[in-house]
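Residue numbers (the numbering used here): 1301 to 1665. Note that CB positions come from ideal geometry on N, CA and C, so glycine has one too. Everything numeric in this text was worked out from a predicted model, so none of it was measured.
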Amino acid sequence: MTARSRFHNPVDVHFGAGALANLPALVGSRRAVLVTMPEARALGMSGQIEALLGQRLAGVIDQVSPNPDVRELAPMYGDFWRRYAQCEVIVALGGGSALDTAKLLMVAGDDDKFATLIDALDAGGTFRPTRTKRLITVPTTAGTGSEVTPWATLWDRHVKRKKYSLHLPQTWPEAAIVDPCLTRSLPRAVTLQSGLDALSHALEAIWNVNANPISDTFAVTAAREMMRVLPKLMASLDDMPLREQAALAALQAGMAFSNTKTALAHSISYDMTIRYGLPHGIACSFTLPAVMRLAIGRRADRDAVLAQVFDGDIDGAPDALTAFLNGLGVATEFSAYGVSEPESAQMITAALDGPRGRNFIGAAA
1301 MTARSRFHNP VDVHFGAGAL ANLPALVGSR RAVLVTMPEA RALGMSGQIE
1351 ALLGQRLAGV IDQVSPNPDV RELAPMYGDF WRRYAQCEVI VALGGGSALD
1401 TAKLLMVAGD DDKFATLIDA LDAGGTFRPT RTKRLITVPT TAGTGSEVTP
1451 WATLWDRHVK RKKYSLHLPQ TWPEAAIVDP CLTRSLPRAV TLQSGLDALS
1501 HALEAIWNVN ANPISDTFAV TAAREMMRVL PKLMASLDDM PLREQAALAA
1551 LQAGMAFSNT KTALAHSISY DMTIRYGLPH GIACSFTLPA VMRLAIGRRA
1601 DRDAVLAQVF DGDIDGAPDA LTAFLNGLGV ATEFSAYGVS EPESAQMITA
1651 ALDGPRGRNF IGAAA
């Protein structure tokens, strides 16, 4: 008999081509601020939001950069709370960085100082906001899953060279609009990186101490679909049905890890991004075969779920996953990214001891 489990996700999800048209109804009579990436204007996306919201849109913040950093966020945070304190809603449009930035902006203490939030994260304590905004997420990539999770990643690449993770009950999005039409303009590299990020989310939700039968259902479907769709999409970037299938798989992966969190592959990826500048989607996916080898045999129930992704062949799964990644041009050895064997061993050991590493079924209790 299956043990009792709990699955919680409060996000109101709107999915499908043209779903962006639901935005005015979701915002309602409230005033909103758009947080997005600089290229959103040239791509016509900012204009779409402006046309949909009209006078309800109080302003646009479009200086979001990849992998938001403490240096960049501090002045943006103070300016946001000074200018838009009376606005009730943030509309976050973009990839993971735009959604992360919005989540970091949406909570504040009694002052407008970003340092207050950072000090709490740095001390490992809980930040207790006294002011919050509501969040509507509109992803433009098929991979991050951030549209249905409460987590935001923040980097300090210059001083402490570390990664922070913000997650509060208040940072769950109120609603997510997943419109595959918004992914149409994604270049090849971002399409690949996003898809592999989603695949990593799905697999990491399986070899996870927090997994349950409901998260497994999302994770297995997402992993199988992304492995089926991504090679086809890379060969035909303009194929909208494939874009829609990839967006759905990424959403399902987000639903899976919204309850489990990520695990060892993501824990390793943070060092790879900080030290070697590896894009997140590659950094969290190139180790998947190696992590799978560590996972197999740890728990029979997890092996059984992993086997569902690979047509029942659990023994051949790591090699199949290696071939899949290699076929997309992704090397699966640390040495391919300039990492020596001693350094990679140290990196894995440190990752196992990190918060995400401890979610891995092979981590020490």
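| query | result |
| --- | --- |
| Between the Cα of Gly1354 and the Cα atoms of Leu1533, Gln1552, Arg1331, which residue gives the shortest distance? | Arg1331 |
| In or out: Pro1450 buried (at least 16 other Cβ within 10 Å) or exposed? | buried |
| Contact between the region 1390–1401 and the region 1356–1370 is defined here as three or more beta-carbon pairs at a separation below 8 Å; is this criterion met? | yes |
| Could you tell me whether the Cβ of Thr1416 comes closer than 8 Å to any Cβ of chain D? | Included in the structure is just one protein chain, with no chain D present. |
| Please return the same chain residues whose Cβ sits closer than 7 Å to the Cβ of Lys1462, not counting the five positions on each side in sequence. | Asp1456 |
| First and last residue of the alpha helix (DSSP H) that includes Ala1505? | 1488–1506 |
| For Trp1381, report the span of its alpha helix (DSSP H) as first-last. | 1370–1383 |
| I'd like the ranges of any beta strand (DSSP E) spanning at least 3 consecutive residues and lying wholly in the region 1587–1630. | none |
| Give me whichever residues DSSP pairs with Gly1394 in a beta bridge. | Pro1439 |
| Please tell me whether Phe1307 and Asn1512 are closer than 8 Å, where the distance is taken between their beta carbons. | yes |
| Suppose the cutoff is 7 Å on Cβ atoms and the five residues either side in sequence are ignored; what does the same chain contact list for Gly1410 look like? | Here residue 1410 is Asp; the residue named in the question, Gly, does not match the sequence. Hits under 7 Å: Thr1430. |
| Which same chain residues, not among the five before or five after Glu1350, have their C-beta less than 7 Å away from its C-beta? | Leu1357 |
| Alpha carbon to alpha carbon, how far is Gly1328 from Leu1454? | 30 Å |
| Name the DSSP bridge partner or partners of Arg1431? | Ala1408 |
| Quick one, which of Thr1336, Leu1326, Pro1338, Ala1374 has its alpha-carbon nearest Leu1685's? | A question about residue 1685 goes unanswered here, because the residues of the chain that appear run from 1301 up to 1665. |
| Who are the Cβ neighbours of Glu1372 in its own chain at under 7 Å, not counting the five residues just before and after it? | Ser1365 |
| So who's on the other strand from Trp1451, going by DSSP bridges? | His1467 |
| Does Pro1439 pass the burial test, meaning 16 or more other C-beta atoms within 10 Å, or should it be called exposed? | buried |
| Helix or strand or just coil, what does DSSP make of Arg1357? | Note that residue 1357 is Leu in the sequence shown here, rather than Arg. Strand, per DSSP. |
| Below 6 Å CB to CB, which residues in the same chain sit around Asp1571 once its five sequence neighbours on both sides are set aside? | Met1647 |
| So, helix, strand or coil for Lys1403, using DSSP? | helix |
| Is it true that the CB of Thr1483 sits closer than 8 Å to the CB of Arg1270? | Residue 1270 is absent from the model: the chain starts at 1301 and stops at 1665. |
| Does the region 1491–1505 come within contact of the region 1556–1567, defined as at least 3 CB pairs closer than 8 Å? | yes |
| Based on Cα-Cα distance, which residue from Lys1460, Ala1604, Asn1508, Leu1393 lies nearest to Thr1444? | Leu1393 |
| Is the beta carbon of Pro1618 less than 8 Å from the beta carbon of Arg1602? | no |
| Quick check on the burial criterion: 16 or more other C-beta atoms within 10 angstroms. Buried or exposed for His1458? | exposed |
| Please determine, among Thr1649, Val1389, Ala1420, Thr1426, the residue with the shortest C-alpha to C-alpha distance to Thr1437. | Val1389 |
| Closest to Ser1567 by CA distance: which of Thr1649, Asp1539, Leu1530, Thr1521 is it? | Thr1649 |
| Compute the beta-carbon to beta-carbon distance between Val1630 and Ile1574, rounded to the nearest angstrom, for a pair I have assumed lies under 8 Å. | So it is not a contact: roughly 20 Å between Cβ atoms. |
| In the DSSP assignment, find the unbroken alpha helix (DSSP H) run with Asp1419 in it and report its ends. | 1414–1422 |
| DSSP three-state call for Thr1649: helix, strand or coil? | helix |
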